[in-house]
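These notes concern the structure reproduced below.
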Amino acid sequence: MTTASAPVLEIRDLSVSFPTETGTVSAVDGVSLDLAAGEIVGMVGESGCGKSVTAMSLAGLLPSSARVTGSVRLDGTQLVGARESALRRVRGREIAYIFQEPMTSLNPVLTVGRQIGEVLQVHERMSRRAARARAVELLTLVGIPSAAQRVDNYPHQLSGGMRQRVMIAMAVACGPKVLVADEPTTALDVTVQAGILQVLRDLRDRLGTSVLIITHDLGVIADIADRVVVMYAGRVVERAPVDDLFAHPRHRYTAGLLSASPQPGRHAGTDRLTEIPGLVPVLASQPDACTFADRCPAADEQCRAAAPPLEDVGGTDHVAACWHPCITAPTAAQEANR
Amino acid sequence: MARYLLTRAWQSALTLLLSTIVVFVGVRALPGDPALALAGEDRSPEALEAIRRHYGLDQPLPVQFAQYVERMAQGDFGVSIRTGTPVSSMLTTALPVTVELSVLAILIAAALGVGAGVLAAVRRGRPAEWLANGLALIGLSVPHFWLGLLAILYLSVATGLFPASGFVPILEDPVDNLHHIVLPAVILGTGLAAIIMRQTRSAMLDSLSSDYVRTAKAKGLRPRAVITRHALRNSLIVVVTVVGLQLGGLISGAVVTEQIFGLPGFGKMTIDAVFQRDYPVIQAVVLLTAAAYIVINFFVDLLYSVIDPRIRVTGDPA
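Residue numbers (full-length UniProt numbering), protein chains in the order written: chain G, 1 to 338; chain E, 1 to 318.
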């Protein structure tokens, strides 16, 4: 889904670094991204590539030691450097979060109804009674059966999938403009995962919420996202509509990710999955070079001398930061698949 | 919940019975014949026989035990060998003093300890934490009898802010009663406060870095709500455990504190009884202390299930 209207969330040149005992570590470097109303954008990359830090920085949820620069505009309101009290009004009401571990992300000593109601009490000034009644509606909305009873349950009395539905109910309680789902299905098994993604899609359709879904699972991206952002070592390396990305990955890292994930029929028999050699580098500062060069099969002097800009690589709204983008299908395996 | 309560109550009763047996056997195992001790000058076999019959000492042990339990159930703990007053009446004057002292000490310690612990965790790496940690170290390492003496010297003798010793029953004059007992309670509570502070601090640091606190922040809650409703409630279980475990230390601490401040409590009564080999009193004291432990443990367990729903053993389906 692409929309011509002004983006709900506008991220420009967002950078985050953390001072550590051994010097500054750069976690996110110059990330730019737009999120249109009702759009689901997937953010994908390996562990440690800066996905979660990007997500947390949007509503100022990083520890105070983090240095955040750049711009995050929510409906035109600047959030980077905003006062804590202003951010508090945004959190939970305009930007809501769903986290990876539904077991530990819910407070074990409060009923789920109370935890959902809390958001409404804070932002909508609802009474505790009204908030509880609304919590029952929300639990029904996210597909929890006999919500009127479940509302008084504690998290440990619910299954993993149920808990994640509770998290979602909590997140959409105030009808946020943007829902940030940080690995929402990673801790769940596959059938439950499909259910959760369906709930997210439903909510987008019903409430028009924009969703930024962060995952390392390309299957999830293919299932739910309209557009994909691929991150590597704190930078956006490729951005494209989902079909385009899967059919024509241009960045060598994206191509590597795709060939490292199993697809039906592709790796049958003796074929092994192709892995990307090496690890995501931990960067003291962002070098003026391609951060993927050390792991890239096509790297040359140019890649180590200058950072490639995000450039149009053909197709609609398809950009990649690579000096030597894949022209056609990148690997024999993918060729065979098509 | 009802079944859980019943089980716990039954276990407590059993423990109490066992401690009664231990106390009973323990006293009988002491060297020396009580009849001989009671006889005084007249040690004729007839007199000794009469004494044994009078006190039921000629009966077999199980019968004696049954009689002993029966009398105790009626509140009859025997008569002090030294003063001749019934032990039960000694207890009714001494117990309220100790109970008041201990309860007040726990309240003060919990308030100070939890407050300082939360502050130290929230203001991590800042002067407030260093101050709290420093005070806790002092509270832990300075023996409280010495602290008590200092307090008497500076706060009672030198400035006259508090009375140096003595006690006024709460029913006679509540204000004067508090005036007398607040200083001993603070002194008694310092060690406990330090322990509670340290445990609260580490539990709070755990909770504050937990996922559910991150969720609470992401919901847009105020820091106060995040800290109290989310982090502290999850840390309380640790605090309750520590308080429960430390009550033993508190009782022995009360013995010393009462001695220093001249409070006519349980502790003072115990020390006097030990020095004077007043067995009926010692027996009652040991038994009551055991009973106090059992009752307190019961309440600590109950508190657990109030604080943490995961511990609740419910009959109703989830």
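Beta carbons: idealized from backbone N, C-alpha and C, even for Gly.
Residue span of the alpha helix (DSSP H) that contains residue i, given as start and end
i, result
"residue 221 of chain E", "Segment: none, residue 221 of chain E is in no alpha helix (DSSP H) and carries neither H nor E."
"residue 184 of chain E", "174-208"
"residue 214 of chain G", "No alpha helix (DSSP H) holds residue 214 of chain G; the beta strand (DSSP E) holding it covers 210-215."
"residue 96 of chain E", "87-122"
"residue 240 of chain G", "Residue 240 of chain G -> not in any alpha helix (DSSP H); beta strand (DSSP E) instead, spanning 235-241."
"residue 103 of chain G", "102-105"
"residue 253 of chain G", "252-259"
"residue 149 of chain G", "147-150"
"residue 158 of chain E", "Per DSSP, residue 158 of chain E belongs to no alpha helix (DSSP H) and is neither H nor E."
Test item: CB-CB of residue i and residue j under 8 angstroms
i, j, result
"residue 183 of chain G", "residue 214 of chain G", "yes"
"residue 196 of chain E", "residue 255 of chain E", "no"
"residue 16 of chain G", "residue 59 of chain G", "no"
"residue 216 of chain G", "residue 81 of chain G", "no"
"residue 342 of chain G", "residue 160 of chain G", "With chain G running from 1 to 338 in the structure shown, residue 342 of chain G is simply not present."
"residue 264 of chain E", "residue 94 of chain E", "yes"
"residue 250 of chain G", "residue 292 of chain G", "no"
"residue 134 of chain E", "residue 122 of chain G", "no"
"residue 234 of chain G", "residue 34 of chain G", "no"
"residue 27 of chain G", "residue 53 of chain G", "yes"
"residue 119 of chain G", "residue 92 of chain G", "yes"
"residue 260 of chain E", "residue 148 of chain E", "yes"
"residue 74 of chain E", "residue 56 of chain E", "no"
"residue 246 of chain G", "residue 257 of chain G", "no"
"residue 75 of chain G", "residue 111 of chain G", "no"
"residue 310 of chain E", "residue 102 of chain G", "no"
"residue 222 of chain E", "residue 88 of chain G", "yes"
"residue 98 of chain E", "residue 267 of chain E", "yes"
"residue 169 of chain G", "residue 116 of chain G", "yes"
"residue 290 of chain E", "residue 88 of chain E", "no"
"residue 211 of chain G", "residue 197 of chain G", "no"
Buried or exposed (CB count within 10 angstroms, at least 16 for buried), residue i
i, result
"residue 2 of chain G", "Low local confidence applies: a pLDDT of 46 at residue 2 of chain G is under 50, so the model's placement there is unreliable, with the coordinate-based value given in what follows. Per the 10 Å Cβ criterion, exposed."
"residue 332 of chain G", "For residue 332 of chain G, the predicted structure reports a pLDDT of 46, less than 50, and the residue's modelled location is therefore unreliable. The matter cannot be settled from this model."
"residue 235 of chain E", "buried"
"residue 179 of chain G", "buried"
"residue 100 of chain E", "buried"
"residue 317 of chain E", "Summary for residue 317 of chain E: the model assigns pLDDT 38, below 50, so the residue's position carries little reliability, and this model does not support an answer."
"residue 186 of chain E", "buried"
"residue 232 of chain E", "buried"
"residue 60 of chain E", "exposed"
"residue 154 of chain E", "exposed"
"residue 308 of chain G", "buried"
"residue 323 of chain G", "buried"
"residue 250 of chain E", "buried"
"residue 338 of chain G", "Caution applies to residue 338 of chain G, whose pLDDT of 45 falls short of 50 and renders its modelled position unreliable; the model cannot decide the point."
"residue 300 of chain G", "exposed"
"residue 254 of chain G", "buried"
"residue 94 of chain G", "buried"
For residue i, the nearest candidate out of the options (CA to CA)
i, options, result
"residue 262 of chain G", "G:202, G:253, G:272", "G:272"
"residue 244 of chain G", "G:235, G:230, G:234", "G:230"
"residue 76 of chain E", "E:133, E:289, E:281", "E:281"
"residue 48 of chain G", "G:316, G:305, G:281, G:318", "G:281"
"residue 20 of chain G", "G:63, G:7, G:11", "G:63"
"residue 211 of chain E", "G:105, G:137, G:204", "G:105"
"residue 132 of chain E", "E:118, E:18, E:296, E:12", "E:118"
"residue 238 of chain G", "G:146, G:150, G:319, G:279", "G:319"
"residue 65 of chain G", "G:23, G:152, G:138", "G:23"
"residue 338 of chain E", "E:9, E:11, E:14, E:22", "The requested residue 338 of chain E does not occur in the structure, where chain E is confined to residues 1 to 318."
"residue 177 of chain G", "G:71, G:206, G:51, G:13", "G:206"
"residue 278 of chain E", "E:8, E:17, E:34", "E:34"
"residue 144 of chain E", "E:173, E:204, E:160, E:192", "E:192"
"residue 135 of chain G", "G:147, G:125, G:124", "G:147"
"residue 215 of chain E", "G:240, G:201, G:96", "G:96"
"residue 24 of chain E", "E:170, E:70, E:247", "E:70"
"residue 207 of chain E", "E:227, E:171, E:247, E:51", "E:227"
"residue 129 of chain G", "G:113, G:158, G:174", "G:113"
"residue 203 of chain E", "E:72, E:241, E:225", "E:241"
N- and C-terminal bounds of the beta strand (DSSP E) containing residue i
i, result
"residue 71 of chain G", "67-74"
"residue 18 of chain G", "9-20"
"residue 339 of chain G", "Examination of residue 339 of chain G is not possible in this model, given that chain G is present from 1 through 338 alone."
Identify every run of the alpha helix (DSSP H) within the region 291-322 of chain G, keeping only runs that are complete inside it and at least 4 residues long; order them along the chain.
301-305
Go through the region 7-78 of chain E residue by residue and report every complete run of the alpha helix (DSSP H) that reaches 4 residues or more, in order.
34-39, 45-55, 61-73
Can you give, in chain order, each stretch of the alpha helix (DSSP H) that sits fully within the region 239-307 of chain E and has at least 4 residues?
266-275, 279-307
Write down every uninterrupted run of the alpha helix (DSSP H) in the region 22-98 of chain G whose length is 4 residues or greater and which is fully enclosed by it, in chain order.
51-58, 84-90
For the region 170-216 of chain G, which segments carrying the beta strand (DSSP E) assignment without a break, of at least 3 residues, lie completely within its bounds, in sequence order?
178-182, 210-215
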